[in-house]
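As you go down the protein sequences, you meet chains A and B in turn. Heads up: the first sequence begins at 0 in numbering that gives the first Met the number 0, then just goes up one per residue. Heads up: the second sequence begins at 0 in numbering that gives the first Met the number 0, then just goes up one per residue. Think of the CB as a built atom: it goes at the ideal place given N, C-alpha and C, for glycine as much as any other residue. Quick notes on the structure that follows.
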Amino acid sequence: MANITWKMEDGSEISADVKDGLNLMEAATANNVPHIEGECGGCLSCATCHVFVDPEWLATTGEVDEIEDTMLEMTDVEREENSRLSCQIIASSELDGLILHVPEPE
Amino acid sequence: MAAPVVIVGAGQAAASFISRHVALGNAEPLLLIGEEPHPPYQRPPLSKKYLLGELERERLFIRPLEWYAEQGIETRFDTRVDDVKPDQKQVITSTGEAIDYDRLVLCTGSHARSLPAEIGGALPGVFTLRSIADIDRMAPEFQSGRKLLVIGGGYIGLEAAAVARQLGLEVTLVEMADRILQRVAAAETSDYFRKLHADHGVELREATRMTRLLANDGRVCGVELESGEIIDADLVLVGIGGSPNIELAQSAGLDCDNGIRVSALCQTSDPSIYAAGDCCSFSRDGRQIRLESVQNAADQGDLIARVLAGEEVSYSALPWFWSDQYDCKLQIVGLNLGHDRTVVRPGASETSLSVWYYRGERLLAIDAMNEPKSYAFGRKIIETGKNPAPETVADPTTDLKALAMG
Numbered sequence: 000m001a002n003i004t005w006k007m008e009d010g011s012e013i014s015a016d017v018k019d020g021l022n023l024m025e026a027a028t029a030n031n032v033p034h035i036e037g038e039c040g041g042c043l044s045c046a047t048c049h050v051f052v053d054p055e056w057l058a059t060t061g062e063v064d065e066i067e068d069t070m071l072e073m074t075d076v077e078r079e080e081n082s083r084l085s086c087q088i089i090a091s092s093e094l095d096g097l098i099l100h101v102p103e104p105e
Numbered sequence: 000m001a002a003p004v005v006i007v008g009a010g011q012a013a014a015s016f017i018s019r020h021v022a023l024g025n026a027e028p029l030l031l032i033g034e035e036p037h038p039p040y041q042r043p044p045l046s047k048k049y050l051l052g053e054l055e056r057e058r059l060f061i062r063p064l065e066w067y068a069e070q071g072i073e074t075r076f077d078t079r080v081d082d083v084k085p086d087q088k089q090v091i092t093s094t095g096e097a098i099d100y101d102r103l104v105l106c107t108g109s110h111a112r113s114l115p116a117e118i119g120g121a122l123p124g125v126f127t128l129r130s131i132a133d134i135d136r137m138a139p140e141f142q143s144g145r146k147l148l149v150i151g152g153g154y155i156g157l158e159a160a161a162v163a164r165q166l167g168l169e170v171t172l173v174e175m176a177d178r179i180l181q182r183v184a185a186a187e188t189s190d191y192f193r194k195l196h197a198d199h200g201v202e203l204r205e206a207t208r209m210t211r212l213l214a215n216d217g218r219v220c221g222v223e224l225e226s227g228e229i230i231d232a233d234l235v236l237v238g239i240g241g242s243p244n245i246e247l248a249q250s251a252g253l254d255c256d257n258g259i260r261v262s263a264l265c266q267t268s269d270p271s272i273y274a275a276g277d278c279c280s281f282s283r284d285g286r287q288i289r290l291e292s293v294q295n296a297a298d299q300g301d302l303i304a305r306v307l308a309g310e311e312v313s314y315s316a317l318p319w320f321w322s323d324q325y326d327c328k329l330q331i332v333g334l335n336l337g338h339d340r341t342v343v344r345p346g347a348s349e350t351s352l353s354v355w356y357y358r359g360e361r362l363l364a365i366d367a368m369n370e371p372k373s374y375a376f377g378r379k380i381i382e383t384g385k386n387p388a389p390e391t392v393a394d395p396t397t398d399l400k401a402l403a404m405g
């Protein structure tokens, strides 16, 4: 179990306990986090679950692999160094307290 | 109380419509009616991870069951709508209940075509693949060592063949056209998947017509080919395409043409009725087309929510698709309809390449096999209306990112 917090640009926040093994795109849609769509179901084809990982958590959330790195070029809001596709981050106790910032497309 | 917006059909398009409606803060009440006993769920994993047994059912759900009530949305699953009465603005359920609607959104989807019963299409052991129930019926039959016969070399048949090989079944696939994927892809893409499946031990029989399925003790036991040859099978999967579910629309007198005809606002010929997803057809580049894809269902559902909220939008989304077979990820962007030329761009490894479709100088679509760069940058290239010369993209030293951003 991990408690995850999504922070929106308008300052609002959503926090939820997420079961181990679920990916954080699924967790976001289940908890009604805006702007996270996950149309492709987490198979790295749509880039609609883009988040910015809070800098303190970058090391813990792991490496971006080549496919994810490529797909991050397709996000609506331009990628930054801490960009991730949240379908590729899998909940585990190590991520308890993780903060994700949700970009808002225009 | 005002009549709700009624959504008939609980699939991807419905989920996307509802999600956008909620996100826009639109206060109009919604009623979602679905024939299956489940909330809207993802269908693509059915023929992949769900059939493999690697994904539990709840993870197919696009939103958890409780989510709908939490948003104040009324749902009726396991409920079939039998009739629409546009004059009274009512839908009639199979139990005879009349439900008023303010606006109606038809997300009725498509169904898998089956073989006629006269040639064995209804025999026990013969399956089609479209729903959770279909998989729950067939999955126990996918046992190592058994013989699966797949009729039809489209994406669903190929995906099921891949899963079956991974589970240790013997697989024969019969395709009546000259090559697998003939209807949807260029010869180079067919060649790629033919080799992929052959390398994984699938026996592919292209340009092969069947005459009938054979039965033994009331259960399917094989197929008879036009040549007279018989292929034994313990189970048969029929993957010969889908047809739009348009009976309700026809009963309501809506214009249909290979699907419920909709405008760029996803409006049908009745201004109070909208349609989205596999069930509808629309005009694109001078053709009336119908797409069976998550992208199309999601984007059209989303668009209807925006239209109902008063946004000035129209449907022009660039189509994209995907398929997973063994260790190959296929990603497709664009529509290759009407292409007159293809070029192949070699990938970084032996098992990666992309096929680029052109009509004249215009780049239409890309099939990318284990080539996410061709897909991602190709999508940008198409979206921005760039039409790089075929020779340029075929040259593996061309930097696609530079081409996309340039």
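- Counting C-beta atoms within 10 angstroms of its own C-beta, SER373 (chain B) has 16 or more neighbours from the protein chains shown and is therefore classed as buried.
- Look at the segment 307-327 of chain B: the residues with a C-beta under 9 angstroms from a C-beta of chain A are TRP319, PHE320, TRP321, ASP323.
- Assignment of ARG83 (chain A) by DSSP, reduced to helix, strand and coil, places it in the strand class.
- With respect to LEU236 (chain B), GLY156 (chain B) sits close: the two C-beta atoms are nearer than 8 angstroms.
- By a beta-carbon distance limit of 8 angstroms, VAL32 (chain A) contacts VAL101 (chain A). Their separation comes to about 6 angstroms.
- If you ignore the 5 residues before and after ARG58 (chain B), its C-beta comes within less than 6 angstroms of no other C-beta in its own chain.
- Chain B places a beta carbon closer than 8 angstroms to that of ILE66 (chain A), counting this residue as a contact.
- Where ARG193 (chain B) is concerned, there is no enclosing beta strand (DSSP E), although the alpha helix (DSSP H) around it starts and stops at 186-198.
- A distance of 8 angstroms or more separates the beta carbons of LYS6 (chain A) and ILE89 (chain A).
- Among the residues of the segment 68-91 of chain A, those with a Cβ less than 8 angstroms away from any Cβ of chain B are THR69, MET70, GLU72, MET73, in the order of the chain.
- With fewer than 16 other CB atoms across the displayed protein chains lying within 10 angstroms of its CB, PRO345 (chain B) is exposed.
- Between the alpha carbons of GLU228 (chain B) and ARG204 (chain B) lies a gap of roughly 12 angstroms.
- GLN299 (chain B) counts as buried, since at least 16 other C-beta atoms from the protein chains shown sit within 10 angstroms of its C-beta.
- Every alpha helix (DSSP H) of 4 residues or more that sits fully in the segment 325-383 of chain B is shown, in chain order, as 371-382.
- Residue pairing from DSSP places VAL90 (chain B) in a beta bridge opposite B:VAL83, B:ILE98.
- Shown in chain order are the members of the segment 17-29 of chain A whose Cβ falls below 9 angstroms from a Cβ of chain B: LEU21, GLU25, THR28, ALA29.
- Between GLY37 (chain A) and THR28 (chain A), the beta carbon gap of about 6 angstroms places them in contact (Cβ cut-off 8 angstroms).
- Leaving aside the five residues that flank THR47 (chain A) on each side, the residues in its chain whose CB is nearer than 7 angstroms to its CB run, in chain order, GLU36, GLY37, GLU38.
- Under the three-state reduction of DSSP, MET0 (chain A) is assigned to coil, being neither helix nor strand.
- Around the Cβ of MET0 (chain A), a 10 Å sphere holds fewer than 16 other Cβ atoms; the residue is exposed.
- In the structure shown, ALA116 (chain B) adopts helical secondary structure according to DSSP, grouped into three states.
- Within the same chain, Cβ atoms closer than 7 angstroms to the Cβ of ARG361 (chain B) are found at ASN386, the five residues on either side in sequence being excluded.
- Looking at A:LEU23, A:SER44, A:ILE13, A:GLY10, the one whose alpha-carbon comes closest to that of LEU94 (chain A) is A:LEU23.
- Scanning B:PRO139, B:ASP81, B:ILE179 for the CA closest to the CA of GLU158 (chain B) turns up B:ILE179.
- For LEU224 (chain B) and ILE230 (chain B), the gap between their C-alpha atoms comes out near 8 angstroms.
- Beta-bridge analysis with DSSP links TYR40 (chain B) to B:PHE60.
- According to the DSSP assignment, ASN22 (chain A) belongs to no beta strand (DSSP E), since it is labelled neither H nor E.
- Rounded to whole angstroms, the gap between the alpha carbons of GLY240 (chain B) and ARG112 (chain B) is 6 angstroms.
- Counting along the chain, the unbroken alpha helix (DSSP H) around ASN295 (chain B) starts and ends at 293-307.
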